[in-house]
Amino acid sequence: MTFILGVAWFSVCFIFYGILLLLPTILVNNTSTSYNFKYVSLTVISVVEMLCFYFSKTIMDHPDMGRKKSTYIGFGFVAIFSVFLIMIQENQTYLLLGIFLLIKIFITMTFMVLFSYK
Numbered sequence: 002m003t004f005i006l007g008v009a010w011f012s013v014c015f016i017f018y019g020i021l022l023l024l025p026t027i028l029v030n031n032t033s034t035s036y037n038f039k040y041v042s043l044t045v046i047s048v049v050e051m052l053c054f055y056f057s058k059t060i061m062d063h064p065d066m067g068r069k070k071s072t073y074i075g076f077g078f079v080a081i082f083s084v085f086l087i088m089i090q091e092n093q094t095y096l097l098l099g100i101f102l103l104i105k106i107f108i109t110m111t112f113m114v115l116f117s118y119k
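Below you can see the structure in the form of structure tokens.
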């Protein structure tokens, strides 16, 4: 593993850790969300994670993409959506959840590419 890839992987791990800690805190602090919304968001997050496993396998095995390109694309999209995350206010719950899901999609896809073996 090269130094740049190691730093990028380390950064993505901290972003993933921050998202997992920040999302429940925002949902609890926001009084406009209902009790059922928290369960729906947990279900949606779990379904998205399962779909990411399938899509990452499909993308990294595609002859035109490969592991290296899909890793670069994953890191790029995580960086772009993390910048968008900074600009969103805390009271925009649905938009925050959408950005969190997009970040989670690309982080999970990047992890699958890095840690899966043929």
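Whatever position you read off the sequence shown (first residue = 1), add 1 for the working numbering. Every residue gets a Cβ at the ideal spot worked out from N, C-alpha and C, and that includes glycine. All values reported here derive from a predicted model rather than from experimental measurement.
### Query
Distance, Cα to Cα, G67 vs T59?
As a working mapping, residue 67 is identified with position 66 in the sequence shown. As a working mapping, residue 59 is identified with position 58 in the sequence shown. The straight-line gap from Cα to Cα measures roughly 10 angstroms.
### Message
Using the Cβ count rule (16 or more neighbours within 10 Å means buried), how would you classify K69?
### Response
As a first step, residue 69 must be located in the sequence shown, where it is residue number 68. So K69 counts as exposed.
### Task
Report yes if the CB atom of F82 is closer than 9 angstroms to the CB atom of I104, and no otherwise.
Taking the sequence shown and counting its residues from 1, one reaches residue 82 at position 81. Taking the sequence shown and counting its residues from 1, one reaches residue 104 at position 103. In contact: F82 and I104 (Cβ atoms closer than 9 angstroms).
### Query
Do T94 and E50 come within 9 angstroms of each other at the CB atom, strictly closer than that value?
Position 49 of the sequence shown, counting from 1, holds the residue named residue 50. Position 93 of the sequence shown, counting from 1, holds the residue named residue 94. No.
### Task
Might you give, ordered along the chain, the residues of its own chain that have their beta carbon closer than 8 angstroms to the beta carbon of I16, omitting 5 neighbours on each side?
Numbered from 1 along the sequence shown, position 15 holds the residue referred to as residue 16. Only V79, S83, I104 and I108 meet the Cβ criterion.
#### Entry: Under 9 angstroms between C-beta atoms of L97 and I89
Within the sequence shown, the letter at position 96 stands for residue 97. Within the sequence shown, the letter at position 88 stands for residue 89. Yes; because the gap between Cβ atoms is below 9 angstroms, this pair is in contact.
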